[in-house]
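Participant: Protein chains in written order, with the working numbering: chain A, 1 to 356; chain B, 357 to 712. Just so you know, even glycine gets a beta-carbon here, dropped at the ideal spot from N, CA and C. Being a predicted model, the structure only gives us computed values, none of them experimental. I'd like to ask some things about the structure below.
Protein chains: 2
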Amino acid sequence: MELTERKKKVLRSVVDLYIRTAEPVGSKAITELPDMKYSSATIRNEMADLTAMGYLEQPHTSAGRIPSAAGYRLYVDELMLDYRLSMDETKSITNAIEEKMQRVDKMVEKVAKLVSQATNLPAISAASRSGSACVQRFELIQAGQGSFILVLMLSGDRVVNKLIKLPLDLSESDLKLLSAVLNATMTEIPLEGFTTQLMDRVMRSAGTAASLVPVILDFTQETLKNHAATNMAVVGQSRLLGLPEYRDVDKAQRVMASIDEEALSNLPAVMQDANGTKVIVGPENVADELKDTSVVMTKFDIGDGLQGMIGVVGPTRMDYAKVTARLSYFAESLSKMFAKPETPQLPQAEKDDAEQ
Amino acid sequence: MELTERKKKVLRSVVDLYIRTAEPVGSKAITELPDMKYSSATIRNEMADLTAMGYLEQPHTSAGRIPSAAGYRLYVDELMLDYRLSMDETKSITNAIEEKMQRVDKMVEKVAKLVSQATNLPAISAASRSGSACVQRFELIQAGQGSFILVLMLSGDRVVNKLIKLPLDLSESDLKLLSAVLNATMTEIPLEGFTTQLMDRVMRSAGTAASLVPVILDFTQETLKNHAATNMAVVGQSRLLGLPEYRDVDKAQRVMASIDEEALSNLPAVMQDANGTKVIVGPENVADELKDTSVVMTKFDIGDGLQGMIGVVGPTRMDYAKVTARLSYFAESLSKMFAKPETPQLPQAEKDDAEQ
DNA sequence: GCTTAGCACTCAAGGATATGGAGTGCTAAA
DNA sequence: TTTAGCACTCCATATCCTTGAGTGCTAAGC
Chain A
1 MELTERKKKV LRSVVDLYIR TAEPVGSKAI TELPDMKYSS ATIRNEMADL
51 TAMGYLEQPH TSAGRIPSAA GYRLYVDELM LDYRLSMDET KSITNAIEEK
101 MQRVDKMVEK VAKLVSQATN LPAISAASRS GSACVQRFEL IQAGQGSFIL
151 VLMLSGDRVV NKLIKLPLDL SESDLKLLSA VLNATMTEIP LEGFTTQLMD
201 RVMRSAGTAA SLVPVILDFT QETLKNHAAT NMAVVGQSRL LGLPEYRDVD
251 KAQRVMASID EEALSNLPAV MQDANGTKVI VGPENVADEL KDTSVVMTKF
301 DIGDGLQGMI GVVGPTRMDY AKVTARLSYF AESLSKMFAK PETPQLPQAE
351 KDDAEQ
Chain B
357 MELTERKKKV LRSVVDLYIR TAEPVGSKAI TELPDMKYSS ATIRNEMADL
407 TAMGYLEQPH TSAGRIPSAA GYRLYVDELM LDYRLSMDET KSITNAIEEK
457 MQRVDKMVEK VAKLVSQATN LPAISAASRS GSACVQRFEL IQAGQGSFIL
507 VLMLSGDRVV NKLIKLPLDL SESDLKLLSA VLNATMTEIP LEGFTTQLMD
557 RVMRSAGTAA SLVPVILDFT QETLKNHAAT NMAVVGQSRL LGLPEYRDVD
607 KAQRVMASID EEALSNLPAV MQDANGTKVI VGPENVADEL KDTSVVMTKF
657 DIGDGLQGMI GVVGPTRMDY AKVTARLSYF AESLSKMFAK PETPQLPQAE
707 KDDAEQ
């Protein structure tokens with residue numbers, strides 16, 4: 001059977017209505033739409049065809065139709081009309097983002113919150129490093145009796161420090177020597193290059209400061225590992241409860257637990273290859289609990305080899321047009337923000353914070 | 357009417373049973389308890405008395421009794437038997453904590469997760485600084501053409517750094533001079549002491565490096581502000597949905613939203629004065645949405661002028677004995693962990709991580 | 001005087017049964 | 001090719017009924 005223009009129009013209407021109401025859509029409801037100049041009987045025939053073609057489903061004989069996964073897919077790929085963000089929306093998104101986002105881990109959480117608010121759905125946000133980091137420079141500072149500060153400059157203009165306390169009495173020149181050795185031996189080497197031989201060599205050349213070396217290298221390795229790691233935040237799960245499909249508490253709980261844990265580890269991988277906005281319609285999800293939950297995701301660029309991702313989780317009948325529009329706008333604004341800082345001439349800085 | 361021993365025993369039994377079953381407790385159920393050697397009729401009389409005294413309530417005439425807020429209060433304050441943690445429990449808590457908690461903000465989240473897991477309830481965790489921080493030493497490092505690293509040592513052995521990029525060509529000695537000025541003028545001064553006069557003085561003495569000054573002081577102020585701030589995490593809200601009292605989705609949503617936002621800002625204040633473990637029984641809560649939700653909180657010490665707090669949120673009938681026991685044990689273990697690090701002779705370090 | 005057995009009464013929960021209405025498919029006429 | 005009409009299906013909702021857990025009270029027992 002052929003998918004005529006009219007069939008497409010009917011399908012779009014069904015999906016639109018179902019997105020709005022969460023109720024099966026009957027033929028009469030369609031006829032009441034503006035510029036739908038056919039009688040309910042005609043629509044009924046079309047709907048019967050669409051059902052036969054697998055785009056619609058019928059919960060039971062005397063109910064209206066709801067879109068099938070294939071129906072949603074078609075809708076997302078071809079049928080849905082672009083949602084135009086209103087001035088208000090763009091403005092409120094830009095305003096929200098304007099606040100400086102200092103550290104990536106805080107930023108990730110903040111972005112998730114903003115997206116969750118804007119879409120009224122649970123949101124996921126992540127930032128991960130592409131490519132492996134390495135140290136570009138070591139610096140050691142005496143900070144009092146038996147305490148030293150180690151400063152690492154990493155690739156991509158990141159700076160990390162650590163306070164080291166060891167009962168050692170070292171002179172300025174001892175420290176100078178050690179940093180020189182470190183800078184000569186261990187810079188520009190990614191984590192994978194940290195061989196025992198290399199570390200031994202540093203150890204032997206370190207002189208009086210040798211006992212500092214294991215601490216320093218330990219920390220360096222851990223830092224490089226961390227900087228390859230992904231930062232992730234999930235926010236606003238409770239918004240799910242406002243939707244009719246999650247009145248079933250068990251389901252809501254399953255979904256929430258699932259996006260809390262599992263999705264966390266899977267999604268970045270999914271995002272890996274896709275570029276632009278990606279929509280995963282219900283049953284396309286790998287996780288069983290998410291079989292009737294959809295996910296929309298977008299990537300954005302943070303610069304410095306950092307890759308950002310934002311996404312929302314919602315019912316299969318979520319308003320894809322609106323959600324993708326908002327998400328894209330978010331991603332775009334974020335990318336722009338990171339690309340050209342507001343004050344090009346002024347410090348474009350790394351912030352660093354130490355605790356414990 | 358007098359609260360006899362037997363009445364207390366009955367009340368305790370009612371609360372215990374209700375905590376376990378979430379169902380109104382009838383007189384017969386009480387008689388079936390071990391060492392309850394009275395008939396149901398006697399218990400009925402006692403229960404009638406307890407109801408008259410305001411410790412029990414009756415959802416409707418022919419239902420069993422449930423504890424009133426006053427009943428819970430009495431139970432928590434006097435009646436409940438100490439819950440002894442099993443070896444397994446203490447072990448699993450200690451194990452969980454053993455993992456090094458590097459940064460306070462990550463730590464806060466981690467602790468919240470652990471507590472939430474241990475109690476199977478949503479958990480809140482927070483760390484806040486008591487007393488105000490100040491800078492103890494400034495250090496400036498040249499990091500290449502027009503880029504410098506600023507290292508701040510704060511009170512309490514915390515170290516913070518920032519990469520500054522400015523199109524300036526400064527010599528090592530320029531930087532030495534500037535750090536000397538900063539160290540002479542701006543150390544040991546809390547945020548409140550940052551007057552314009554003081555900042556002007558630094559500016560005038562800074563020589564060629566003067567244009568670095570505003571950037572440095574801006575950052576210093578912001579850092580001090582941040583270090584006074586509270587770190588907070590809420591985790592595991594979805595666990596609420598497993599409990600019968602939150603099958604009512606609307607209620608669950610209200611509560612979850614409320615602990616997400618409002619409680620966040622209120623609880624630290626509540627915790628301010630209380631020491632030891634604090635129990636807030638349902639209606640004692642200020643927020644309306646939490647009127648039938650209880651909160652249990654404990655403080656612990658992180659050292660360095662840092663104050664930690666962990667708490668859980670649950671139904672009024674939560675198992676106070678178990679929860680308080682676990683919470684206290686957590687708090688104790690955490691305090692201990694921060695008091696004496698596992699390897700007293702080895703580095704006790706500050707870790708620091710910089711982004712964007 | 002306290003305790004207990006017995007009894008009548010109450011009321012929510014849950015199952016069974018009716019009823020209304022929304023929606024369908026099909027047929028036949030326009 | 002479209003549409004009006006009609007018989008049919010089946011869910012949702014309301015209503016009624018039954019069941020059983022639990023109560024309060026009274027009177028007998030220890």
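Could you tell me whether the Cβ of Ser132 of chain A comes closer than 9 Å to any Cβ of chain B?
Facilitator: no
Participant: Which residues share a DSSP beta bridge with Val516 of chain B?
Facilitator: B:Leu508
Participant: Since I believe Val312 of chain A is in contact with Val115 of chain A (beta carbons under 8 Å), could you give me their beta-carbon distance rounded to a whole number of angstroms?
Facilitator: With a Cβ gap of about 6 Å, Val115 of chain A and Val312 of chain A count as contacting.
Participant: Since Val135 of chain A contacts Leu154 of chain A with CB under 8 Å, what's their CB separation in whole angstroms?
Facilitator: 6 Å
Participant: Looking only at its own chain, which residues have a Cβ that is under 6 Å from the Cβ of Val516 of chain B, when we skip the five neighbours before and after it?
Facilitator: Leu508, Thr579
Participant: Kindly list, in the order they appear in chain B, the residues whose Cβ is closer than 8 Å to that of Arg400 of chain A.
Facilitator: Outside the modelled stretch of chain A, which goes from 1 to 356, sits residue 400 of chain A, for which no answer is possible.
Participant: Should Ser125 of chain A be labelled buried (16 or more other beta-carbon atoms within 10 Å of its own) or exposed?
Facilitator: buried
Participant: Should Asp438 of chain B be listed as close to the ligand GTP, given that the test is whether its C-beta is under 8 Å from any heavy atom?
Facilitator: Because no ligand of any kind appears in the structure shown, any question about the ligand GTP cannot be addressed here.
Participant: Where Pro283 of chain A and Ile310 of chain A are concerned, what is the direct C-alpha to C-alpha distance, given to the nearest angstrom?
Facilitator: 21 Å
Participant: Any C-beta of chain A sitting closer than 9 Å to the C-beta of Lys692 of chain B?
Facilitator: no
Participant: Is it buried or exposed for Glu188 of chain A, if we count other Cβ within 10 angstroms and need 16 for buried?
Facilitator: Its Cβ having fewer than 16 others within 10 Å, Glu188 of chain A is exposed.
Participant: From the DSSP output, which residues share a beta bridge with Val635 of chain B?
Facilitator: According to DSSP, Val635 of chain B bridges with B:Val652.
Participant: Is there contact between the segment 132-151 of chain A and the segment 245-257 of chain A, where contact requires at least three CB pairs shorter than 8 Å?
Facilitator: Judged by pairs of C-beta atoms under 8 Å, the segment 132-151 of chain A does not touch the segment 245-257 of chain A, as fewer than three such pairs exist.
Participant: Establish whether the CB of Leu531 of chain B and some CB of chain A are separated by less than 9 Å.
Facilitator: no
Participant: Pairs of beta-carbons, one from the segment 443-456 of chain B and one from the segment 370-389 of chain B, closer than 8 Å: are there three or more?
Facilitator: no
Participant: Once you ignore the five residues that flank Leu56 of chain A on each side, which residues in its own chain have a CB closer than 8 Å to its CB?
Facilitator: Leu11, Val14, Met47, Leu50, Arg65, Ile66, Pro67, Ser68, Gly71
Participant: Would you kindly work out how many angstroms separate the C-alpha atoms of Ala397 of chain B and Val432 of chain B, rounded to a whole number?
Facilitator: 27 Å
Participant: Are the CB atoms of Leu683 of chain B and Thr633 of chain B nearer to each other than 9 Å?
Facilitator: yes
Participant: By the criterion of Cβ-Cβ separation under 7 Å, what are the contact partners of Gln609 of chain B in chain A?
Facilitator: The answer, in chain order, is Ser238, Leu241, Gly242.
Participant: Do Val295 of chain A and Thr324 of chain A have their C-beta atoms closer together than 9 Å?
Facilitator: no
Participant: Where does Asn451 of chain B land, buried or exposed, given buried means 16+ other C-beta within 10 angstroms?
Facilitator: exposed
Participant: Would Phe575 of chain B and Ile505 of chain B qualify as a contact pair, given that the criterion is a beta-carbon distance under 9 Å?
Facilitator: Contact annotation: Phe575 of chain B and Ile505 of chain B have beta-carbon atoms that are not nearer than 9 Å.
Participant: Mapping DSSP to helix, strand and coil, what is Thr446 of chain B?
Facilitator: helix
Participant: Assign Phe194 of chain A to one of three DSSP states: helix, strand, or coil.
Facilitator: coil
Participant: Taking the alpha-carbon positions, what's the Pro380 of chain B to Arg673 of chain B distance?
Facilitator: 11 Å
Participant: When you compare each of A:Pro167, A:Met53, A:Asp248, A:Asp288 to Thr4 of chain A by their alpha carbons, which one comes out closest?
Facilitator: A:Met53
Participant: Which same chain residues, not among the five before or five after Ala419 of chain B, have their C-beta less than 7 Å away from its C-beta?
Facilitator: Excluding residues within five positions, the ones whose Cβ falls inside 7 Å are Pro380.
Participant: Here's a check: name, in chain order, each residue in its chain whose Cβ is nearer than 6 Å to the Cβ of Lys384 of chain B, leaving out the five neighbours to either side.
Facilitator: Ser396
Participant: Taking Cβ positions only, does Asn349 of chain B come closer than 9 Å to chain A?
Facilitator: Examination of residue 349 of chain B is not possible in this model, given that chain B is present from 357 through 712 alone.
Participant: Helix, strand or coil for Gln498 of chain B, going by three-state DSSP, please let me know.
Facilitator: strand
Participant: For Ala479 of chain B, tell me which candidate among B:Thr654, B:Ile658, B:Asp438 has the shortest Cα-Cα distance.
Facilitator: B:Thr654
Participant: Closer than 7 Å, Cβ to any Cβ of chain A: which residues of the segment 516-527 of chain B, in chain order?
Facilitator: Val516, Asn517, Lys518, Leu519, Ile520, Lys521, Leu522
Participant: Pro67 of chain A bridges to which residues according to DSSP?
Facilitator: A:Leu56
Participant: Any C-beta of chain A sitting closer than 9 Å to the C-beta of Met509 of chain B?
Facilitator: yes
Participant: So, helix, strand or coil for Ile545 of chain B, using DSSP?
Facilitator: coil
Participant: Alpha carbon to alpha carbon, what distance is there between Lys364 of chain B and Leu435 of chain B?
Facilitator: 7 Å
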